[in-house]
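Report on the structure given below.
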Amino acid sequence: MSTQVSTNRQSAPRGSTTPTDQGRPERPRPLTTAQATTLVAEREILTQVRSRSFIISTLITVVLIFGGIVAAQLVGGSGFGGGDTPSVAVVDGVPTDAYEAAADAGALTPQDVPDRAAAEELLRDGDVDAALVPSAQAPGGFVVLGLDSEPGSVVTALTVAPQVELLEPQTTSDGLRYLVALAFGLVFMISALGSGSMIMQNTITEKQSRIVEILLAAVPARALLAGKILGNSVIGVGNAVVMAAAAALGLVVTGQTELLDMLTAPMVWFVVFFVFGFVLVASIFAAGASLVSRQEDAGSVMTPAMMLIMIPYFGVAFFGTNATVMTVLSYVPFSAPVAMPTRLFFGDAVWWEPLASLAILVLCTLAVVAVAARIYTGSLLRTGARVKVRDALRGE
1 MSTQVSTNRQ SAPRGSTTPT DQGRPERPRP LTTAQATTLV AEREILTQVR
51 SRSFIISTLI TVVLIFGGIV AAQLVGGSGF GGGDTPSVAV VDGVPTDAYE
101 AAADAGALTP QDVPDRAAAE ELLRDGDVDA ALVPSAQAPG GFVVLGLDSE
151 PGSVVTALTV APQVELLEPQ TTSDGLRYLV ALAFGLVFMI SALGSGSMIM
201 QNTITEKQSR IVEILLAAVP ARALLAGKIL GNSVIGVGNA VVMAAAAALG
251 LVVTGQTELL DMLTAPMVWF VVFFVFGFVL VASIFAAGAS LVSRQEDAGS
301 VMTPAMMLIM IPYFGVAFFG TNATVMTVLS YVPFSAPVAM PTRLFFGDAV
351 WWEPLASLAI LVLCTLAVVA VAARIYTGSL LRTGARVKVR DALRGE
């Protein structure tokens with residue numbers, strides 16, 4: 001018996017795999033840091049976008065933004081295309097073919113006046129919506145007079161694209177400045193607070209249920225942190241883009257395309273600043289959450305992070321019309337994502353200021369992420385009492 005087994009072993013060709021070797025499962029290759037980060041980010045994104053609460057809250061926010069813009073336009077009395085026929089003062093000498101077709105179609109109601117002074121008086125008194133005044137230099141031989149904004153319905157109704165003059169050109173009002181700053185502040189606060197809270201809740205839950213020990217067996221702690229920040233940053237930026245799209249659609253539907261044109265460049269800058277500002281805030285939320293092991297203790301570490309998010313909102317709410325304060329806030333990393341786009345909208349910032357502010361924000365974000373990673377790796381596996389920041393940094 002033993003002789004036969006020995007013979008079989010000797011006759012086996014060199015390099016062949018024994019049945020035992022064939023049945024042994026191949027050990028999986030370890031994930032690279034990039035692969036692990038991407039895997040965690042994908043998990044974070046899918047977990048949130050599939051949740052009913054996320055979908056419902058996003059839809060409610062979109063409806064509120066779009067509905068608020070439409071309602072404000074309707075309450076303002078100008079409507080958006082379905083209001084009363086505009087009345088127009090027509091000064092002697094204006095070519096009749098410029099407005100006759102529109103008048104016959106019921107698109108405007110002309111009112112003859114003898115001279116420009118009479119037309120301006122009616123316009124200032126609010127008796128007419130616009131005035132047509134003869135002008136040899138203007139296209140079509142006339143210009144359209146408006147009070148403080150372009151009379152869009154009149155301009156659209158005319159057969160010739162006219163030149164428009166305003167009697168009282170609008171300067172940037174404090175009310176508009178306040179509303180624009182408040183809008184940027186609300187978008188930043190809602191997106192950052194929502195995603196930041198989700199990071200904190202998930203991190204504490206993973207520690208409390210000991211799931212984090214399983215996760216760390218597969219991915220490094222730094223990759224886990226990077227994946228959480230990346231995934232939630234994608235969601236946060238996506239939320240901001242959706243809100244901006246809802247606002248843009250509302251402005252288009254209500255005919256406020258001029259305001260939309262003014263907002264386009266500042267909104268692009270807002271998204272750029274938002275990306276780094278959100279990473280900054282998300283890092284603080286993740287590091288803070290890793291210090292505690294129970295949801296009941298979340299308040300003690302969540303409050304500082306929430307205050308940092310509230311700074312931009314309350315800063316623009318109370319000082320949005322103060323140019324000096326807004327200038328200072330535009331260089332503070334936590335408030336720059338709100339203050340700098342607001343200043344750009346009103347032309348208060350020169351070309352190099354957003355670049356300088358963005359550079360400060362990026363450097364601050366890199367520093368905070370490095371510190372947050374140290375805290376996260378030093379406290380993630382520690383349960384029980386709240387870990388002190390000093391101990392987490394030391395890894396004790």
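Each residue of the sequence shown is one higher than the last, beginning at 1 in UniProt numbering. Glycine included, every Cβ here is placed at the ideal spot set by N, Cα and C.
Item, Value
"Which of the three DSSP states is assigned to Phe142 in this structure?", "strand"
"Please name the residue in Asp348, Ala119 and Val164 whose C-alpha comes closest to that of residue 429.", "The displayed coordinates of the chain run from 1 to 396. Any statement about residue 429 would go beyond what the structure contains."
"Tell me the DSSP secondary structure of residue 411 in three-state form.", "Because residue 411 is not part of the residues shown, which for the chain are 1 to 396, the question remains open."
"Which residues does DSSP pair with Asp112 in a beta bridge?", "Val90"
"I need the boundaries of the beta strand (DSSP E) containing Ala131, first residue and last residue.", "Ala130 to Pro134"
"Going by other Cβ atoms of all chains shown within 10 Å of its Cβ, with 16 needed for buried, is Ala307 buried or exposed?", "Ala is not the amino acid found at residue 307; the sequence shown has Met there. Its Cβ having fewer than 16 others within 10 Å, Met307 is exposed."
"Note down, in chain order, each residue of its chain lying with its Cβ closer than 8 Å to the Cβ of Thr377, except the 5 sequence neighbours on either side.", "Ala221, Arg222, Leu225 and Gly395"
"So who's on the other strand from Val164, going by DSSP bridges?", "Val144"
"DSSP three-state label for Gly236, please.", "helix"
"Classify Glu258: buried if its beta carbon has 16 or more other beta carbons within 10 angstroms, exposed otherwise.", "exposed"
"If you drop the 5 nearest sequence neighbours on each side, which residues of the same chain put their C-beta closer than 7 Å to that of Val128?", "Ser87, Val88, Ala89, Gln111 and Leu122"
"By a C-beta neighbour count over all protein chains shown, 10 Å radius and 16 as the cutoff for buried, is Gly79 buried or exposed?", "Bear in mind that a pLDDT of 49 at Gly79, under 50, signals an unreliable position, so the number given afterwards is only what the model happens to contain. Exposed, because fewer than 16 other Cβ atoms sit within 10 Å of the Cβ of Gly79."
"Evaluate Ile56 with the Cβ neighbour count: other Cβ atoms within 10 Å of its Cβ, from every protein chain shown; 16 or more gives buried, anything less gives exposed.", "exposed"
"Helix or strand or just coil, what does DSSP make of Ser149?", "coil"
"To the nearest angstrom, report how far apart Gln256 and Trp352 are at their CA atoms.", "29 Å"
"Name the residue from Val292, Phe270, Gln137 and Val187 whose alpha carbon lies nearest to the alpha carbon of Gln208.", "Val292"
"By Cβ distance, which residues of its chain are closer than 8 Å to Val281, with the 5 residues on each side in sequence left out?", "Ala192, Gly196, Ala305, Leu308, Ile309 and Phe334"
"Looking only at its own chain, which residues have a Cβ that is under 7 Å from the Cβ of Ser153, when we skip the five neighbours before and after it?", "Pro86"
"Quick one: what does DSSP say Ser195 is sitting in, helix, strand or coil?", "helix"
"I want to know whether the segment 343-359 touches the segment 256-276 - three or more CB-CB distances under 8 Å.", "yes"
"Please classify Ser335: does DSSP put it in a helix, a strand, or coil?", "coil"
"Assuming Met189 contacts Met302 under a Cβ cut-off of 8 Å, what Cβ separation, rounded to an integer in Å, is found between them?", "Not quite, the Cβ-Cβ distance comes to about 14 Å (not below 8 Å), so this is no contact."
"For Phe319, which residues in the same chain have their Cβ closer than 8 Å to its Cβ, ignoring the five residues on either side in sequence?", "Val325, Met326 and Leu329"
"What separation, rounded to the nearest whole angstrom, lies between the Cα atoms of Ile211 and Leu39?", "16 Å"
"With the cut-off set at 8 Å, would you say residue 464 and Ile235 are in Cβ contact?", "Any question about residue 464 goes unanswered here, given that the chain covers just 1 to 396."
"Mind checking Ser300: buried by the 16 CB within 10 Å criterion, or exposed?", "exposed"
"Tell me the rounded alpha-carbon separation between Gly227 and Phe66.", "32 Å"
"Tell me the rounded alpha-carbon separation between Ala130 and Ala136.", "19 Å"
"With three or more beta-carbon pairs closer than 8 Å as the criterion, would you say the segment 273-290 touches the segment 231-251?", "yes"
"Since I believe Ala157 is in contact with Leu108 (beta carbons under 8 Å), could you give me their beta-carbon distance rounded to a whole number of angstroms?", "5 Å"
"What three-state label does DSSP hand Pro312 in the structure shown?", "helix"
"Can you name, in chain order, every residue of its own chain whose Cβ lies under 6 Å from the Cβ of Gly93, other than the five neighbours on each side?", "Pro134"
"Cα-Cα, which of Ile311, Val316 and Ile360 is closest to Tyr331?", "Ile360"
"How should Pro312 be labelled, buried or exposed, when 16 other C-beta atoms within 10 angstroms of its C-beta is the threshold for buried?", "buried"
"Take the Cβ of Thr37 as the centre, count every other Cβ of all protein chains shown within 10 Å, and call the residue buried at 16 or more, exposed below.", "buried"
"When DSSP labels each residue in this structure, what does Tyr376 get in the three-state scheme?", "helix"
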